[in-house]
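Asks:
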Amino acid sequence: MNHPLRKVVVPAAGLGTRFLPATKAIPKEMLPIVDTPTIQLIVEEALSAGAQEVVLVNGRGKGAIEDHFDRAYELEDQLQRKGKKELFEEVRRISDSVRLVSVRQKEPLGLGHAVLAARHAVGTEWFGVLLGDDVVDADEPAIGQLVRFARKTGKAAVALMPVPETQVHLYGVAAGRAIEGGHVEVDRIVEKPPRDRAPSTLAVVGRYVLPPDVFDILANLPAGAGGEIQLTDALAVLAQQKRLLGVRIQGVRHDAGDRLGYVQANVAYALKRPDLREPLLAWLREVVK
Ligand code: G1P
Numbered sequence: 001m002n003h004p005l006r007k008v009v010v011p012a013a014g015l016g017t018r019f020l021p022a023t024k025a026i027p028k029e030m031l032p033i034v035d036t037p038t039i040q041l042i043v044e045e046a047l048s049a050g051a052q053e054v055v056l057v058n059g060r061g062k063g064a065i066e067d068h069f070d071r072a073y074e075l076e077d078q079l080q081r082k083g084k085k086e087l088f089e090e091v092r093r094i095s096d097s098v099r100l101v102s103v104r105q106k107e108p109l110g111l112g113h114a115v116l117a118a119r120h121a122v123g124t125e126w127f128g129v130l131l132g133d134d135v136v137d138a139d140e141p142a143i144g145q146l147v148r149f150a151r152k153t154g155k156a157a158v159a160l161m162p163v164p165e166t167q168v169h170l171y172g173v174a175a176g177r178a179i180e181g182g183h184v185e186v187d188r189i190v191e192k193p194p195r196d197r198a199p200s201t202l203a204v205v206g207r208y209v210l211p212p213d214v215f216d217i218l219a220n221l222p223a224g225a226g227g228e229i230q231l232t233d234a235l236a237v238l239a240q241q242k243r244l245l246g247v248r249i250q251g252v253r254h255d256a257g258d259r260l261g262y263v264q265a266n267v268a269y270a271l272k273r274p275d276l277r278e279p280l281l282a283w284l285r286e287v288v289k
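Mind the numbering: the sequence shown is residues 1 to 289 in the working numbering, read in order.
1. Less than 8 Å between the beta carbons of residue 157 and residue 245, yes or no?
2. Indicate the three-state DSSP secondary structure (helix, strand or coil) for residue 177 in the structure shown.
3. Provide the residue(s) that pair with residue 102 in DSSP beta bridges, ordered along the chain.
4. Taking only three categories from DSSP, how would you classify residue 33?
5. Using the Cβ count rule (16 or more neighbours within 10 Å means buried), how would you classify residue 38?
6. Starting from residue 122 and walking both ways along the alpha helix (DSSP H), at which residues does that stretch end?
7. Among 41, 104, 197 and 262, which residue has its Cα nearest to the Cα of residue 168?
8. Spell out the partners DSSP gives residue 27 in its beta bridges.
9. Where DSSP assigns a beta bridge to residue 161, which residues make up the other side?
10. If I measure Cβ to Cβ from residue 265 and keep anything under 7 Å in the same chain, skipping five residues before and after, which residues do I get?
11. Taking contact to mean 3 or more Cβ pairs, one atom from each stretch, closer than 8 Å, check whether the segment 174 to 194 and the segment 81 to 100 are in contact.
12. Do residue 271 and residue 280 have their C-beta atoms closer together than 8 Å?
13. Hey, out of 206, 191 and 207, whose CA is closest to residue 200's CA?
14. Taking 8 Å as the threshold (C-beta atoms), are residue 202 and residue 174 in contact?
15. Please give the ranges of any beta strand (DSSP E) in the segment 67 to 153, keeping only runs that are unbroken, at least 3 residues long and fully inside the region.
16. What I want to know is whether the C-beta of residue 231 ends up closer than 7 Å to one or more non-hydrogen atoms of ligand 1.
17. Give every residue of the same chain whose Cβ lies closer than 8 Å to the Cβ of residue 147, excluding the five residues on either side of it in the sequence, and list them in chain order.
18. Is the beta carbon of residue 121 closer than 8 Å to that of residue 101?
19. Taking 7 Å as the line, does the beta carbon of residue 8 fall inside it for any heavy atom of ligand 1?
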């Protein structure tokens, strides 16, 4: 990779069954961390790493995500009339900040299949992938950390994080030659291995920087774990070609796709808000007594 990252793909076609009934009529990507939809946190991470265009891989009934990044004329008009300048500017900033392209994943055939649906919108350049379930609170945006290594080495990059052995079956798991900084030249990567077959305890976090030829790899993959086309299996091909770097990301990762992780993310982000921190701490001390 020898140019800035311009485009990122954000898969958002899932049904959000883990968050029913909240997700019956609302896309799970619109569920807020404090007051900000998770998809907005993800988009802001990509923008702060220099991305200019977000390719949203959407499914049926996910129109609210596009509306969120569009102008909201009536709302903006009301906010302006009522002199709510800061709120108006915040709402306007969201829609003006990003160019959103939306493509459809017509069948739920897996993460690799979702990324492949973005092929024509991405074209022939390097691109990022950010999964909305992984919210990473970091000084340097997680996807930006990957871009830095991809540019330095010319290799594709995947974010890694150590997890307890009891959790490896929930993740892609990678191993390879350790290099400076705890990063890894990946030579093996497996999607959701049983504990006794995991190559390590380094789990894939949902951030990737990928070359355009990964689309050819994805298009030719057989179904993998769970009968789905797995992005991890495409990464395994890149790893065999010695073209994949595992980047140990700095930052705190929350699994916002899990109910407990989601609640924890809300508490953690609320504790970072100057107006919420003290009253929340006081209340937490009260309830955990
Ligand atoms: C996906 C990927 C997996 C990765 C995980 C990170 O799985 O397939 O490799 O470790 O995201 O959150 P999912 O959690 O969507 O099942």
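Built from N, CA and C at the ideal position, the CB exists for glycine as well.
Because the structure is a prediction, the values reported are computed rather than measured.
Replies: Result, derived from the coordinates:
1. Within the sequence shown, the letter at position 157 stands for residue 157. Within the sequence shown, the letter at position 245 stands for residue 245. In this structure, residue 245 lies closer than 8 Å to residue 157 by Cβ.
2. Position 177 of the sequence shown, counted from the start, is the residue given in the question as residue 177. It is a strand residue.
3. Along the sequence shown, read from residue 1 onward, the residue named residue 102 stands at position 102. Partner(s): 56.
4. Position 33 of the sequence shown holds residue 33. Collapsing the DSSP output to three states places residue 33 in a strand.
5. Translated into positions along the sequence shown, residue 38 becomes position 38. By the 10 Å Cβ count, residue 38 comes out buried.
6. By one-based count along the sequence shown, residue 122 stands at place 122. 119 to 122 is the extent of the alpha helix (DSSP H) around residue 122.
7. Residue numbering aside, residue 168 sits at position 168 when the sequence shown is read from its first letter. Per the Cα distances, 197.
8. Within the sequence shown, numbered from 1, the residue matching residue 27 stands at position 27. Beta-bridge partners of residue 27 (DSSP): none assigned.
9. Looking up residue 161 in the sequence shown gives position 161. DSSP output for residue 161 lists 203 as bridge partner(s).
10. By one-based count along the sequence shown, residue 265 stands at place 265. A distance below 7 Å between beta-carbons, with the five flanking residues on each side excluded, links residue 265 to the following residues of its chain, in chain order: 33, 135, 254 and 256.
11. Short answer: they don't touch.
12. As a position in the sequence shown, residue 271 is number 271, starting the count at 1. As a position in the sequence shown, residue 280 is number 280, starting the count at 1. In contact: residue 271 and residue 280 (Cβ atoms closer than 8 Å).
13. Against the sequence shown, residue 200 aligns to sequence position 200. Nearest option by C-alpha distance: 191.
14. Here residue 174 is taken as the residue at index 174 of the sequence shown, counted from 1. Here residue 202 is taken as the residue at index 202 of the sequence shown, counted from 1. A contact, by the Cβ cut-off of 8 Å.
15. Whole beta strand (DSSP E) segments, 3+ residues: 99 to 104, 127 to 130 and 134 to 137.
16. Locating residue 231 in the sequence shown gives position 231, where the first residue counts as 1. Under cutoff, so the answer is yes.
17. Start at 1 with the first residue of the sequence shown, and residue 147 comes out as number 147. Answer for residue 147: 1, 4, 5, 49, 50, 128, 157 and 209, listed in chain order.
18. Within the sequence shown, numbered from 1, the residue matching residue 101 stands at position 101. Within the sequence shown, numbered from 1, the residue matching residue 121 stands at position 121. Cβ distance < 8 Å, so residue 101 and residue 121 count as in contact.
19. Locating residue 8 in the sequence shown gives position 8, counting from the first residue. No, since every heavy atom of ligand 1 falls outside the 7 Å radius drawn around the Cβ of residue 8.
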